[in-house]
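Novice:
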Amino acid sequence: MISISNLTKKFDSVIALDDVSFSVPGGSVLGLLGHNGAGKTTVVNILSTLLKPTSGTATIAGLDVTTEGDKVRRRIGLTGQFATVDDTISGRDNLVLIARLLGASRRQAAQRADDLLTVFDLTDAAKRPVRGYSGGMRRRLDLAACLVGGPEVIFLDEPTTGLDPGARLDVWSLVESLVAQGSTVLLTTQYLEEADRLADLITVLSKGKVVASGTAAELKREIGQLSVNTVLAPGSDTGAALAALRAAGLTPVTAEQPDTIHTRVLSSADITVVVRALDSVGVRVTDVAFSEPSLDDVYLSLTPGRGATTAA
Amino acid sequence: MTATVTSGDVRTAQVGARPNWSASSILTQVQVLSGRSLRTLVRDPRLVILSLIQPLVLLILFGQVFSSIAKTPGFPQGIGYIDFILPALLVTTALTSGLQSGVAVTTELRNGLIARFRSMPISTGSVLLARSVADVCRSFVELSVMALVAALLFGFAPPGGITGVLGSLAVAAVVCWSLGWVFMAFASWLRQPEILQTIGSLVTFPLMFASKAFVPISGLPDWLQGFATINPLSHAIEAARGMAMGKPDLTVLATAVGGCLLIALVFAPLALRSFRRP
Ligand SMILES: Nc1ncnc2c1ncn2[C@@H]1O[C@H](COP(=O)(O)OP(=O)(O)O)[C@@H](O)[C@H]1O
Ligand SMILES: [Mg+2]
Numbered sequence: 000m001i002s003i004s005n006l007t008k009k010f011d012s013v014i015a016l017d018d019v020s021f022s023v024p025g026g027s028v029l030g031l032l033g034h035n036g037a038g039k040t041t042v043v044n045i046l047s048t049l050l051k052p053t054s055g056t057a058t059i060a061g062l063d064v065t066t067e068g069d070k071v072r073r074r075i076g077l078t079g080q081f082a083t084v085d086d087t088i089s090g091r092d093n094l095v096l097i098a099r100l101l102g103a104s105r106r107q108a109a110q111r112a113d114d115l116l117t118v119f120d121l122t123d124a125a126k127r128p129v130r131g132y133s134g135g136m137r138r139r140l141d142l143a144a145c146l147v148g149g150p151e152v153i154f155l156d157e158p159t160t161g162l163d164p165g166a167r168l169d170v171w172s173l174v175e176s177l178v179a180q181g182s183t184v185l186l187t188t189q190y191l192e193e194a195d196r197l198a199d200l201i202t203v204l205s206k207g208k209v210v211a212s213g214t215a216a217e218l219k220r221e222i223g224q225l226s227v228n229t230v231l232a233p234g235s236d237t238g239a240a241l242a243a244l245r246a247a248g249l250t251p252v253t254a255e256q257p258d259t260i261h262t263r264v265l266s267s268a269d270i271t272v273v274v275r276a277l278d279s280v281g282v283r284v285t286d287v288a289f290s291e292p293s294l295d296d297v298y299l300s301l302t303p304g305r306g307a308t309t310a311a
Numbered sequence: 000m001t002a003t004v005t006s007g008d009v010r011t012a013q014v015g016a017r018p019n020w021s022a023s024s025i026l027t028q029v030q031v032l033s034g035r036s037l038r039t040l041v042r043d044p045r046l047v048i049l050s051l052i053q054p055l056v057l058l059i060l061f062g063q064v065f066s067s068i069a070k071t072p073g074f075p076q077g078i079g080y081i082d083f084i085l086p087a088l089l090v091t092t093a094l095t096s097g098l099q100s101g102v103a104v105t106t107e108l109r110n111g112l113i114a115r116f117r118s119m120p121i122s123t124g125s126v127l128l129a130r131s132v133a134d135v136c137r138s139f140v141e142l143s144v145m146a147l148v149a150a151l152l153f154g155f156a157p158p159g160g161i162t163g164v165l166g167s168l169a170v171a172a173v174v175c176w177s178l179g180w181v182f183m184a185f186a187s188w189l190r191q192p193e194i195l196q197t198i199g200s201l202v203t204f205p206l207m208f209a210s211k212a213f214v215p216i217s218g219l220p221d222w223l224q225g226f227a228t229i230n231p232l233s234h235a236i237e238a239a240r241g242m243a244m245g246k247p248d249l250t251v252l253a254t255a256v257g258g259c260l261l262i263a264l265v266f267a268p269l270a271l272r273s274f275r276r277p
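Protein chains in written order, with numbering that gives the first Met the number 0: chain A, 0 to 311; chain B, 0 to 277.
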């Protein structure tokens, strides 16, 4: 449904996308995972015909986004990274406006708006100006707005960034129900958990380059089987601990808290290697556990230049 | 606020119904989009009220302080200064209204709304066209209020009567519309409301004051007279004034309207081109 090949985008001297290729089969969700500045929004903007690529091609349902923009626009729905609704009018008026622009009659537009308001749980706030909506309500309206025309392909650029956990769960369940009705979704996110939960396929973008892609399971397999997670006693010398593990031939990474170290190992017997290495430099350990690799590990090992992530 | 009440199945059924609408015409697009801008003004008329303050202050200033000009030699005989100045104020206020079109474009480019429109199967041109239609309507209302206030409080009663005043309002609307394209072109190109405001004052002040707006052209210093003669606003002011005085001069009117159309013809394509740029 979506196919991108050798896409490059330069902004003057900044290379926002560097030879990016991937495709999204119809009816599936692709999670485009990357830090701020990785190039996610640039991909979405090119696909939604807002930006022209410097080179390479992108097609949606076989239609080239640069030369057949009009036909592409009939099939897509965009929810940008920042709210793209009119603050000054009510939520309902926003949806009616979009439906009318898409060719609905007054009656059809009103009907469609009311349906979507019910589904997105915005009926109570329907007549109030959007200016007074909470972040979660605004996001839901934004999602509703991109669905007005019943698009085949939906772009969601960081749909849950900045939302509280409850609102985030809401958005997740809405995205899941969209997929259940057969839409193709390209979702960008900085959250591994989100990609893991919603996406069938994940493409990891770092500094404009695709550094990994595949299903969540494939990515995990690629990165190793097991890791030993050690929690160091308070006040321990993390630097010395990392050095000792490296000296023992292992590849440790620090996790969200600097006192927790993930070390990839090949078998469970290697736990003794880890503990001995830490013991040799006098670092005390308060907790040791095995874990299956998480997307965090995938992410940390594939996207250089950032230590810990703060992903939930 | 968490957990939507609707169950998954119902939700899917409702969202999933793919509407089968046929594409909207440009006319509908312009109508829907300009209707949106105008409705915002009806709900929140502060902008209209605020935009009337500057011209009313000018009216008081010029009407009261400089009315002695009407007694100087060279000033048309038998005409009150208020009748002389008001048509000019209508035109210069229309110019500032045009500037507001530009400012509105910059804010909408910023808040992402335009990005959504540009990802939809509608003409980009209708977004700008709707803006200009809505702003001309708004401006027409503002200017009518101004003329009414002038009539009630300052004794504005030009020889041309109501028809004459409506004629000058129409000239002012043409000015608002055509100069609106100039400012929308700058807005789409620069995309910063602050810079646009600065450019706006840089452009509007010379156009306003080095014109036939406030004094007859012979009252200006020599070096300004040349500019005032070619200043497109001068022609529009002369045309509006002629209407109000009940002595419309067709040549002047044609020059004024033609000049405005020419300006729009040059700047509308420029505005569209910059507007399409991401
Ligand atoms: N309009 C632009 N002009 C110049 N640089 C840009 C522009 N848009 C994006 N960039 C740069 O391109 C890179 C990718 O940006 P973006 O696609 O927004 O990343 P993400 O959405 O992943 O945070 C960044 O380095 C950003 O600074
Ligand atoms: Mg982004």
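The beta carbon of each residue, even a glycine, is placed where N, CA and C say it ideally should be.
Interface residues of chain B around PHE81 of chain A at Cβ under 9 angstroms?
Specialist: Within chain B, the residues near PHE81 of chain A are ASN110, GLY111 and ALA114.
Novice: Pick helix, strand or coil for GLY36 of chain A, following the three-state DSSP scheme.
Specialist: If DSSP states are grouped into helix, strand and coil, GLY36 of chain A belongs with coil.
Novice: With hydrogens ignored, establish whether the beta-carbon of LYS39 of chain A is closer than 7 angstroms to any heavy atom of ligand 2.
Specialist: It does: the Cβ of LYS39 of chain A is within 7 angstroms (strictly closer) of some heavy atom of ligand 2.
Novice: Whether or not the region 204 to 214 of chain A and the region 25 to 34 of chain A are in contact is what I'm after, with contact meaning three or more pairs of Cβ atoms, one per stretch, closer than 8 angstroms; do they touch?
Specialist: Judged by Cβ distances under 8 angstroms, the region 25 to 34 of chain A makes contact with the region 204 to 214 of chain A, as three or more pairs qualify.
Novice: Between B:ILE48, B:THR91, B:ARG35 and B:LEU57, which lies nearest to SER167 of chain B when the distance is taken from Cα to Cα?
Specialist: SER167 of chain B has its Cα closest to that of B:THR91, out of B:ILE48, B:THR91, B:ARG35 and B:LEU57.
Novice: So what's ASP17 of chain A in DSSP terms, helix, strand or just coil?
Specialist: DSSP places ASP17 of chain A in strand when its eight states are reduced to three.
Novice: Whose CA, out of A:VAL129, A:GLY26 and A:GLY234, lies closest to the CA of ALA179 of chain A?
Specialist: Selected option, being the one with the closest Cα: A:GLY26.
Novice: For chain A, check one thing: does any of its Cβ atoms lie closer than 8 angstroms to the Cβ of THR39 of chain B?
Specialist: Yes - at least one Cβ of chain A is within 8 angstroms of the one on THR39 of chain B.
Novice: Kindly indicate which three-state DSSP category ALA156 of chain B falls into: helix, strand or coil?
Specialist: ALA156 of chain B falls in the coil class under three-state DSSP.
Novice: Closer than 8 angstroms, CB to CB, is ARG73 of chain A near chain B or not?
Specialist: ARG73 of chain A counts as touching chain B.
Novice: Could you tell me which chain A residues have their CB closer than 7 angstroms to the CB of ARG117 of chain B, listed as they occur along the chain?
Specialist: Per Cβ cutoff of 7 angstroms: LEU49.
Novice: Quick one: does LEU77 of chain A have its CB under 8 angstroms from some CB of chain B?
Specialist: Yes - at least one Cβ of chain B is within 8 angstroms of the one on LEU77 of chain A.
Novice: So, does the CB of ALA22 of chain B fall closer than 8 angstroms to a CB anywhere in chain A?
Specialist: Answer yes: the Cβ-Cβ gap between ALA22 of chain B and chain A drops below 8 angstroms somewhere.
Novice: Determine the DSSP secondary structure at ALA288 of chain A, reduced to helix, strand or coil.
Specialist: It is a strand residue.
Novice: Within the same chain, show all residues whose beta-carbon is closer than 7 angstroms to that of ARG141 of chain A, passing over the 5 residues directly before and after it, in chain order.
Specialist: In the sequence under discussion, the amino acid at residue 141 of chain A is Asp, which differs from the Arg named in the question. Taken in chain order, the residues that qualify are THR78, ALA82, THR83 and VAL84.
Novice: I want to see whether chain A comes within less than 8 angstroms of THR1 of chain B, judged by CB atoms only; does it?
Specialist: In this predicted model, THR1 of chain B has a pLDDT of only 42, less than 50, meaning its place in the structure is not dependable enough to derive any value.
Novice: So what's VAL135 of chain B in DSSP terms, helix, strand or just coil?
Specialist: Of the three classes helix, strand and coil, the one that applies to VAL135 of chain B here is helix, per DSSP.
Novice: Check whether the Cβ atoms of ARG240 of chain B and PRO120 of chain B lie closer than 8 angstroms to each other.
Specialist: No, the pair does not count as a contact, with Cβ atoms beyond the cut-off.
Novice: Check the Cβ of ARG111 of chain A against every Cβ in chain B and list those closer than 7 angstroms, keeping chain order.
Specialist: Simply PRO18.
Novice: Is ASP156 of chain A a contact residue of ligand 2, with contact defined as CB to any heavy atom under 7 angstroms?
Specialist: Yes.
Novice: With 16 as the cutoff for other CB atoms within 10 Å, does ASN19 of chain B come out buried or exposed?
Specialist: So ASN19 of chain B ends up on the exposed side.
Novice: Quick one: measure Cβ to Cβ for ALA125 of chain A and ARG99 of chain A, integer angstroms, because I've assumed they're closer than 8 angstroms.
Specialist: So it is not a contact: roughly 16 angstroms between Cβ atoms.
Novice: Enumerated in chain order, which unbroken segments of the beta strand (DSSP E) with a length of 3 residues or greater are wholly contained in the region 187 to 246 of chain A?
Specialist: Whole beta strand (DSSP E) segments, 3+ residues: 200 to 205, 208 to 213 and 225 to 231.
Novice: What residues of chain B sit near LEU96 of chain A, judged by a beta carbon separation below 7 angstroms?
Specialist: VAL31 and ARG35, listed in chain order.
Novice: Just list the residues that DSSP pairs HIS261 of chain A with in beta bridges.
Specialist: A:ASN228 and A:VAL252.
Novice: Name the chain B residues whose beta carbon is nearer than 7 angstroms to that of ALA103 of chain A?
Specialist: Ordered by position in chain B, the residues that pass the 7 angstroms Cβ test against ALA103 of chain A are PRO18 and TRP20.
Novice: If we define contact as Cβ-Cβ less than 8 angstroms, is ASN35 of chain A a contact residue for chain E?
Specialist: No chain E appears in this structure, whose protein chains are A and B.
Novice: Does chain B have any CB closer than 8 angstroms to the CB of GLN107 of chain A?
Specialist: Yes, its Cβ sits closer than 8 angstroms to a Cβ of chain B.
Novice: Pair every Cβ in the region 145 to 161 of chain A with every Cβ in the region 170 to 187 of chain A, then say whether three or more of these pairs are closer than 8 angstroms.
Specialist: Touching, per the Cβ criterion.
Novice: Along the region 123 to 136 of chain A, where does the CB come closer than 9 angstroms to a CB of chain B? Name the residues.
Specialist: Listed by position along the chain: PRO128, SER133, GLY135 and MET136.
Novice: Looking only at its own chain, which residues have a Cβ that is under 7 angstroms from the Cβ of LEU32 of chain B, when we skip the five neighbours before and after it?
Specialist: Excluding sequence neighbours, LEU32 of chain B sits near SER125, VAL126 and ALA129.
Novice: What's the C-alpha gap between PHE274 of chain B and PRO268 of chain B?
Specialist: Spanning the two alpha carbons is a distance of roughly 10 angstroms.
Novice: Tell me whether ASN110 of chain B, by its Cβ, gets closer than 7 angstroms to a heavy atom of ligand 1.
Specialist: For ligand 1, not one heavy atom lies less than 7 angstroms from the Cβ of ASN110 of chain B.
Novice: Should GLY33 of chain A be listed as close to ligand 1, given that the test is whether its C-beta is under 7 angstroms from any heavy atom?
Specialist: Yes - ligand 1 has a heavy atom lying nearer than 7 angstroms to the Cβ of GLY33 of chain A.
Novice: Using alpha carbons as the reference points, say which of B:GLN30, B:ARG115 and B:ILE81 lies closest to ARG73 of chain A.
Specialist: Checked all of B:GLN30, B:ARG115 and B:ILE81; the closest Cα to ARG73 of chain A is B:ARG115.
Novice: Please name the residue, chosen from B:LEU108, B:LEU46, B:PRO215 and B:ILE84, that lies closest to TRP188 of chain B on a Cα-to-Cα basis.
Specialist: Answer by Cα proximity: B:LEU108.
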